[in-house]
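These notes are about the structure you will find just below.
2 protein chains.
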Amino acid sequence: MNPSEILFSHNLKRTSCREGIIQVIGSNETALSEQEIRQQLEGNYDRTTYFRSFKTLEDSGIIHKIVVDNQTIKYALGAYNKENRKHAHFYCSKCQKVKCMTTVLTPEVPMPEGYRISETNLIIKGTCNNCNC
Amino acid sequence: MNPSEILFSHNLKRTSCREGIIQVIGSNETALSEQEIRQQLEGNYDRTTYFRSFKTLEDSGIIHKIVVDNQTIKYALGAYNKENRKHAHFYCSKCQKVKCMTTVLTPEVPMPEGYRISETNLIIKGTCNNCNC
DNA sequence: GTTTTAAATGCAACTGTGTTGCAAATGTAG
DNA sequence: CTACATTTGCAACACAGTTGCATTTAAAAC
Ligand SMILES: [Mn+2]
Ligand SMILES: [Mn+2]
Ligand SMILES: [Zn+2]
Ligand SMILES: [Zn+2]
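Protein chains in written order, with the working numbering: chain H, 1 to 133; chain Z, 1001 to 1133.
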């Protein structure tokens, strides 16, 4: 599916900003920050528009947001794997890239009595296969 | 150990701001944000001083920082349990409190060839035992 | 194709976090 | 008490995030 079809299938208006964001994120191996997306995007959209677009796209599940730390936020396509499970994310402290580790699922955590889990986020930091050569 | 002794044992100057931060964090069950710490602290310190104090205290391992999302940052005492292992953190989306789950260790994650892990963060979101009554 | 309307965008203004440089204040060792 | 290195306060700045409102636009209705 191309960006336009993706938006249509989620009952979202097909605006150039949204299509551009999906297109750029979809053509990268690693997750991208707002700045990186903006640099790869032709149209010059307002910051507000980016944030509202990210929110809309995230709410619909077209993209997902990865919070590495309070200064490092990245976006990638999709949200779940085939089994509707969430995956871990890897942050390389050398190249600063964030990769969706689709083979590493977030763990089922045994919680003390009384706690209910809605979401589990697993962020792994280290150096990636590229940077360890 | 009281705040003054903690600072001394880490070769840090015993300033009132640092002692206050340690004291406030140490007397709370859950992790605290900068604002919450400031509210419970008597002295009126500059924001810069807080941030530099947090950094110093974190670098020395006296406190640890918990990044729930890019808008929610909390601080708690300590950094490791007895076995020098890191624990998971629980964020309650009802009461917004963050709790160190010292019984839940961060998992040993099996990574693909070539990746080296330096740190693993596990953030669990849901509702806590207090809010589920 | 034109009209209509709800939704998306741009802009201005604002909050909050994080960061730096530098002068003044302070903790600590001698 | 004195001297000195460290910490602090202040000013200035960078940048993420958020809101209200007027304008523009997508897409449905005609
Ligand atoms: Mn991912
Ligand atoms: Mn903790
Ligand atoms: Zn790398
Ligand atoms: Zn709660």
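Just so it is clear, CB atoms sit at the ideal spot from N, CA and C, and this is done for glycine as well.
These numbers come from a predicted model, not from an experiment.
CB contact below 8 Å: A31/H versus chain Z: no
Simplified DSSP state of R1018/Z, which is helix, strand or coil: helix
Candidates N132/H, N130/H, V98/H and C131/H, of which the one nearest T123/H by Cα: The residue asked about is misnamed: residue 123/H is Ile in this sequence, not Thr. The shortest C-alpha separation from I123/H is found at V98/H.
Proximity test, I143/H beta-carbon vs ligand 2 heavy atom, cut-off 7 Å: Residue 143/H is absent from the model: chain H starts at 1 and stops at 133.
8 Å contact criterion, which E1029/Z and P1003/Z should meet: CB distance rounded: About 18 Å separates the two Cβ atoms, so there is no contact after all.
When L1041/Z, Y1115/Z and C1133/Z are compared against K1094/Z, the one with the closest alpha-carbon: C1133/Z
Cβ shell of C128/H (< 6 Å), same chain only, five flanking positions each side left out: C92
Within chain Z, partners of I123/H - CB distance below 7 Å: N1121
CB contact check: A88/H to chain Z, cutoff 8 Å: yes
First and last residue of the uninterrupted beta strand (DSSP E) at I1063/Z: I1063 to D1069
Closer than 9 Å at the beta carbon, the chain Z residues around C128/H: G1114, Y1115 and R1116
CB-CB length for S60/H against G43/H, believed under 8 Å: That belief does not hold up - the Cβ atoms of S60/H and G43/H are roughly 21 Å apart, past 8 Å.
Chain Z contact residues for T103/H, given Cβ-Cβ distances below 8 Å: P1112
I1117/Z classed as buried or exposed, judged by whether at least 16 other C-beta atoms fall within 10 angstroms: exposed
Simplified DSSP assignment, three categories, for I1125/Z: Strictly speaking, residue 1125/Z in this sequence is Lys, with Ile absent from that position. Three-state result, K1125/Z: strand.
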